[in-house]
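*Asks:* Structure incoming, see below.
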Amino acid sequence: MADRRQVLRIGALAAGAPAVLGATGAPAEAAPHRPGRPPSLVIGHRGASGYRPEHTLASYELAARMGADYIEPDLVATKDHVLVARHEPEIGGTTDVASRPEFASRRRTVILDGVSVTGWFTHDFTLAELKTLRATERIPRVRQHNTLYNGLFEVPTFEEVLQLRERLSRELDREIGVYPETKHPTYFRGLGLELETPLVRALRRHHLDRHDAKAFVQSFEAHNLESLHDDYKLRAPLVFLTSATGGPFGDPKSYAEYLTPAGLRQLARYADGIGPDKNQIIPRRADDTLGTPTALVRDAHAAGLKVMPYTFRAENQFLPADYRIGTDPAAYGRAIDEQVTFLRTGIDGLFTDQADIGVLARQLAFVPA
1 MADRRQVLRI
11 GALAAGAPAV
21 LGATGAPAEA
31 APHRPGRPPS
41 LVIGHRGASG
51 YRPEHTLASY
61 ELAARMGADY
71 IEPDLVATKD
81 HVLVARHEPE
91 IGGTTDVASR
101 PEFASRRRTV
111 ILDGVSVTGW
121 FTHDFTLAEL
131 KTLRATERIP
141 RVRQHNTLYN
151 GLFEVPTFEE
161 VLQLRERLSR
171 ELDREIGVYP
181 ETKHPTYFRG
191 LGLELETPLV
201 RALRRHHLDR
211 HDAKAFVQSF
221 EAHNLESLHD
231 DYKLRAPLVF
241 LTSATGGPFG
251 DPKSYAEYLT
261 PAGLRQLARY
271 ADGIGPDKNQ
281 IIPRRADDTL
291 GTPTALVRDA
301 HAAGLKVMPY
311 TFRAENQFLP
321 ADYRIGTDPA
331 AYGRAIDEQV
341 TFLRTGIDGL
351 FTDQADIGVL
361 ARQLAFVPA
């Protein structure tokens, strides 16, 4: 019982961090874990995107200060071939570009991985032009608090994210990892703005091109990872992202085929892990309650692959029905309990919008009640 009280005390300190702009708390203590098994990683999904507009330096910094082991920038390219952190190349929903009359003529429609998308796109802007924009909250009705920070933060470059990682590692006296994702690599290659070369150069410049580096590179396109491994000779660990439906763009294989025992063994030739939709770990029942774990964690581990599912969010609308509290879709539900349940399946890490909740769940997952 004493151990559990200590964990809850530590977690309460971490949970207070969102109330402090530019929180300056001490790094979270290491999580208890089963003997012989490394503690599961807490990955700050787009930073601390539950508390700050996503993919901003403020969001990444807050995630690290809350105890996240890794911060996750999604990478897209500018017109002048600089990698910047945005969830998608379309930036109408994550910046104030729609309110900028000087850029009104840039709005257009493109075919992005076979889908027609209308808006403003990073590859139509130079870095200097992008730097005049400011980030905004992507889902303001759910995260109204985050709209307080609209207009305050720039679109960061990957280089700025890596520099932030190094500064925070020194300041917090623990190495903060980076977990970049190549967004739509086939699309950008078709524009003459391939993501691989600047990504690999940046990782090498910052001494992260090692198998034991505090870095993972992830992609929804298996061929992109295979090329990074075989053609670019990248040695940082690679992670194949998967969805519960469909398959990688331009790939005849479905995600389901990649996740069979045979498919996982083939992935292990060039990948070090998988990042599945969390519903592929524990699917939901017809009534939207949490069901029974699948064999995916066991099968992936048998192939030598780590398993780090996405995305854990605290708001009711993202939780299984039996983990919700009340009827307000934007209110917080039993997010800690949900993450503890998933951690006990043996996953090696999880992506979360609220890093403090991930840290506390990890601390509670294997502590006796």
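Numbering-wise, the numbering used here puts 33 at position 33 of the sequence shown, and it's gapless, one number per residue.
Just so it is clear, CB atoms sit at the ideal spot from N, CA and C, and this is done for glycine as well.
If you run the structure through DSSP and keep just helix, strand and coil, what is Gln6?
*Replies:* Residue placement at Gln6 cannot be trusted, given a pLDDT of 48 that sits under 50; the coordinates are not used to answer.
*Asks:* Are the CB atoms of Asp288 and Pro320 within a distance shorter than 8 Å?
*Replies:* yes
*Asks:* Taking one C-beta from the segment 97-113 and one from the segment 161-173 each time, how about it: are there three or more such pairs within less than 8 Å?
*Replies:* no
*Asks:* Please look up how many angstroms separate the CB atoms of Ile43 and Tyr179, rounded, as I've assumed it's under 8 Å.
*Replies:* 6 Å
*Asks:* Taking C-beta to C-beta, are Thr197 and Gly250 nearer than 8 Å?
*Replies:* no
*Asks:* Hey, quick one: how far does the beta strand (DSSP E) through Gln163 stretch, first residue to last?
*Replies:* That residue, Gln163, is in no beta strand (DSSP E); its alpha helix (DSSP H) goes Phe158 to Leu172.
*Asks:* So the alpha helix (DSSP H) Asp299 belongs to, where does it begin and stop?
*Replies:* For Asp299, the enclosing alpha helix (DSSP H) begins and ends at Leu296 to Ala302.
*Asks:* Which stretch, first to last residue, makes up the beta strand (DSSP E) that contains Leu75?
*Replies:* Asp74 to Ala77
*Asks:* Whole angstroms is fine: what's the gap from Gln163's alpha carbon to Pro293's?
*Replies:* 39 Å
*Asks:* Should Gly275 and Pro329 be called a contact, given that it needs their Cβ atoms to be closer than 8 Å?
*Replies:* no
*Asks:* On the premise that Ala314 lies in contact with Gly371, defined as a C-beta separation below 8 Å, what is that separation, rounded to the nearest angstrom?
*Replies:* Coverage of the chain is limited to positions 1 through 369, which leaves residue 371 absent and any answer about it impossible.
*Asks:* Please tell me whether Glu129 has its Cβ less than 8 Å away from any Cβ of chain D.
*Replies:* Checking the listed chains, one finds no chain D in this structure; it contains a single protein chain.
*Asks:* What would DSSP say about Gln218, mapped onto helix, strand or coil?
*Replies:* strand
*Asks:* May I ask which residues mark the beginning and end of the alpha helix (DSSP H) holding Val200?
*Replies:* Glu196 to Arg205
*Asks:* In the DSSP output, which residue or residues are listed as bridge partners for Asp277?
*Replies:* Tyr310
*Asks:* Please state whether DSSP places Pro336 in a helix, a strand or coil.
*Replies:* Looking at the sequence provided, one finds Ile at residue 336 rather than Pro. Residue state, collapsed to three classes: helix.
*Asks:* Leaving aside the five residues before and after Asp277 along the sequence, list all residues of the same chain whose C-beta is less than 8 Å from its C-beta, in chain order.
*Replies:* Thr242, Ser243, Ala244, Pro309 and Tyr310
*Asks:* Note the first and the last residue of the continuous alpha helix (DSSP H) segment covering Ser116.
*Replies:* Where Ser116 is concerned, there is no enclosing alpha helix (DSSP H), although the beta strand (DSSP E) it sits in stretches over Val115 to Gly119.
*Asks:* Would you check if the distance between the CB atom of Thr352 and the CB atom of Phe318 is smaller than 8 Å?
*Replies:* no
*Asks:* Taking the alpha helix (DSSP H) that Phe188 falls in, what are its first and last residues?
*Replies:* Pro185 to Gly190
*Asks:* Am I right that Leu305 and Ala268 are in contact with their C-beta atoms under 8 Å? What's the rounded C-beta distance?
*Replies:* That belief holds up - the Cβ atoms of Leu305 and Ala268 are roughly 6 Å apart, short of 8 Å.
*Asks:* How would you write the range of the beta strand (DSSP E) that Val84 sits in, first residue to last?
*Replies:* Leu83 to Ala85
*Asks:* Tell me the DSSP bridge mates of Gly250?
*Replies:* DSSP output for Gly250 lists no bridge partner at all.
*Asks:* Tell me, to the nearest whole angstrom, how far the beta carbon of Ala128 is from that of Phe153; I am working on the premise that it is less than 8 Å.
*Replies:* Distance from Ala128 to Phe153 at the Cβ level is roughly 17 Å; contact not present, criterion being Cβ atoms closer than 8 Å.
*Asks:* With H, G and I counted as helix, E and B as strand and the rest as coil, what does DSSP make of Val376?
*Replies:* Limits of the chain in this structure are 1 at one end and 369 at the other, which puts residue 376 out of reach.
*Asks:* For Met1 and Thr345, what's the separation of their Cα atoms in angstroms?
*Replies:* Residue confidence for Met1 is low, a pLDDT of 46 falling below 50, so the modelled location carries little weight and cannot support an answer.
*Asks:* Are the CB atoms of Leu195 and Leu343 within a distance shorter than 8 Å?
*Replies:* Contact flag unset, no.
*Asks:* Judging by CA-CA distance, which residue of Asp299, Arg235, Leu203 and Glu221 is the nearest neighbour of Arg265?
*Replies:* Asp299
*Asks:* Identify whether Ala213 lies in helix, strand or coil by the three-state DSSP scheme.
*Replies:* coil
*Asks:* For Lys183, count neighbouring Cβ atoms within 10 angstroms of its own Cβ and tell me buried if that reaches 16, exposed if not.
*Replies:* buried
*Asks:* Smallest Cα separation from Leu203: which of Asp272, Glu160 and Arg141?
*Replies:* Considering only alpha carbons, the answer is Glu160.
*Asks:* Can you tell me whether DSSP reads Tyr258 as helix, strand or coil?
*Replies:* In the structure shown, Tyr258 sits in a helix (DSSP, three-state: H, G or I).
*Asks:* Quick check on this structure: which residue in Trp120, Leu360 and Thr327 has the alpha carbon closest to the alpha carbon of Asp337?
*Replies:* Out of Trp120, Leu360 and Thr327, Leu360 has the C-alpha closest to the C-alpha of Asp337.
*Asks:* Do Asn146 and Arg46 count as a contact pair if the criterion is CB distance below 8 Å?
*Replies:* Between Arg46 and Asn146, the gap from beta carbon to beta carbon reaches 8 Å or more.
*Asks:* Please classify Gln144 as buried or exposed, where buried requires at least 16 neighbouring CB atoms within 10 angstroms.
*Replies:* exposed
*Asks:* Note down the Cα distance separating Ser40 from Arg106, rounded to an integer number of angstroms.
*Replies:* 43 Å
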